[in-house]
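In our numbering, the protein residues as written are 19 to 485.
Right, dumping it as structure tokens:
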């Protein structure tokens, strides 16, 4: 989940002041009807007996005898109140698990707000998890995991071996708060939907089907600065990057800032559009996120990079989308020179523009994100961004010297277009573009910047056609 407009200054202040980890007290339950005479009641004294304190876990019982292909151990990390934090991370937080380089971890994650945002939770209740707990993010984060041997200056490689989501997900916008357009959408809405993990799709709206493409919206290491920080803004430590290409089989390379790196993950997504404009993707939780961690010595890295089977991904993130765009170009040029795909910066810049394939990951996390895809091997040329509707996609375009304004223009135009052409409500259109839209940034071309948003027409089909 991501946040662009924060209602109070305290939401922007970093580091955060300390706050309790406990979940909000539940609302009083309605009075129970009288029990039938033949059903015994639990005595009040029995019902109020405190639960036993189990004491600390034995970490040795979280290791299985199985080994992965590289010979490392496999650790199991369940998501409990003791192994997760709600909305913050602190590099002084004691690790919940210690592993070695080359080990794998089969971990679980929770839904947002320590598993409170689940089917049946209303938008009013979701809003209270934000307004009643200012300063923290919404994410339930599993970790931190201490990687033995990781030191500041190293690089941590995390490979996603397997991702198994829960059977449901949610998308919502908090009324009048957060998202790309909080003022334009004063009303909130929450939707829950079933994830068909056989067909790998979900029916987001009647007759509108979105592919299920799970990935961790948030995965990162501890930042260098001491203190308790919100989980919302991403940074050089990775975190809430929301890059939807970071899926099963991909690896992320992250600079290490503290001893042991301290790995954590949450904000588990079943899918997401580029831009994530209404604040949320298809927010879910993972029954299993299986990762392998490796410490790389001697590799200098300023910003994280992602490797997929076919591409390398460079990133640029900043509160101002224009600065993020500039950083993205610098990081891409640096990658091309370092990997000897280009002999110098001038040649790298030309190569970058020629093969430009760059997207907007999100504009709602306080710090906004962009990323570029660079193919590992030369292939067919990257298709130019369309300027009008095509046979396969609805298309809207925004141009401005300010990339923030260009993004606002293109994404709002897409919302309105789907209302007009497909008869969606404005809230449903807002959510659909957030979960399945594709907003991309055009290559450098003078002072004017361009954003092109696309929505696949293939999302719409009748139920009978899907059988």
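A virtual CB, placed ideally from N, CA and C, is assigned to each residue, including glycine.
Do residue j and residue i count as a contact pair if the criterion is CB distance below 8 Å?
i, j, result
"residue 355", "residue 362", "yes"
"residue 384", "residue 250", "yes"
"residue 197", "residue 456", "no"
"residue 303", "residue 127", "yes"
"residue 238", "residue 267", "no"
"residue 353", "residue 392", "yes"
"residue 8", "residue 430", "For residue 8 there is no data in the structure shown, the boundaries of the chain being 19 and 485."
"residue 389", "residue 331", "yes"
"residue 173", "residue 188", "no"
"residue 230", "residue 219", "yes"
"residue 473", "residue 436", "yes"
"residue 318", "residue 410", "no"
"residue 191", "residue 387", "no"
"residue 432", "residue 451", "yes"
"residue 402", "residue 308", "no"
"residue 328", "residue 277", "no"
"residue 193", "residue 141", "yes"
"residue 206", "residue 145", "yes"
"residue 114", "residue 95", "yes"
"residue 275", "residue 255", "yes"
"residue 349", "residue 260", "no"
For residue i, which residues does DSSP report across the bridge?
i, result
"residue 258", "Answer by DSSP bridge pairing: none, since residue 258 is not bridged."
"residue 118", "166"
"residue 335", "387"
"residue 273", "173"
"residue 158", "104"
"residue 229", "219"
"residue 180", "308"
"residue 314", "173"
"residue 253", "256"
"residue 324", "270 and 331"
"residue 93", "81 and 123"
"residue 459", "469"
"residue 234", "286"
"residue 301", "188 and 287"
"residue 392", "330"
Span of the alpha helix (DSSP H) holding residue i?
i, result
"residue 210", "From DSSP, residue 210 is part of no alpha helix (DSSP H) but of the beta strand (DSSP E) over 207 to 214."
"residue 446", "444 to 454"
"residue 426", "421 to 440"
"residue 148", "141 to 149"
"residue 469", "Element bounds for residue 469: not the alpha helix (DSSP H) but the beta strand (DSSP E), 467 to 474."
"residue 407", "No alpha helix (DSSP H) holds residue 407; DSSP gives it neither H nor E."
"residue 294", "Segment: none, residue 294 is in no alpha helix (DSSP H) and carries neither H nor E."
"residue 363", "363 to 372"
"residue 133", "130 to 133"
If I follow the unbroken beta strand (DSSP E) through residue i, where does it start and stop?
i, result
"residue 188", "186 to 191"
"residue 198", "Segment: none, residue 198 is in no beta strand (DSSP E) and carries neither H nor E."
"residue 417", "411 to 418"
"residue 380", "376 to 380"
"residue 282", "281 to 287"
"residue 246", "246 to 248"
Please report the Cβ distance between residue i and residue j, rounded to the nearest whole angstrom; I am assuming they are in contact, meaning their Cβ atoms lie under 8 Å.
i, j, result
"residue 477", "residue 264", "Not a contact, Cβ separation roughly 22 Å."
"residue 282", "residue 107", "6 Å"
"residue 93", "residue 121", "6 Å"
"residue 184", "residue 305", "6 Å"
"residue 479", "residue 225", "7 Å"
"residue 109", "residue 240", "4 Å"
"residue 175", "residue 312", "4 Å"
"residue 427", "residue 418", "7 Å"
Just checking residue i against the ligand FAD - is the residue's beta carbon closer than 7 Å to any of the ligand's heavy atoms?
i, result
"residue 139", "Here there are no bound small molecules, and the ligand FAD is not part of this structure."
Checklist entry - On the three-pair Cβ rule with 8 Å, is the region 372 to 379 touching the region 459 to 470? => result Contact check between the region 372 to 379 and the region 459 to 470: three or more CB pairs, one atom from each, fall below 8 Å, which counts as touching.
Next on the checklist: Tell me whether the region 292 to 300 and the region 143 to 150 touch, counting them as touching only if at least three CB pairs, one residue from each stretch, are closer than 8 Å.
Outcome noted: No contact exists between the region 292 to 300 and the region 143 to 150.
Next on the checklist: Pairs of beta-carbons, one from the region 337 to 347 and one from the region 159 to 174, closer than 8 Å: are there three or more?
Outcome noted: Counting Cβ pairs under 8 Å, fewer than three are found: no touch.
Item to check | Three or more C-beta pairs below 8 Å linking the region 271 to 290 and the region 166 to 175 | outcome: Segments in contact, yes.
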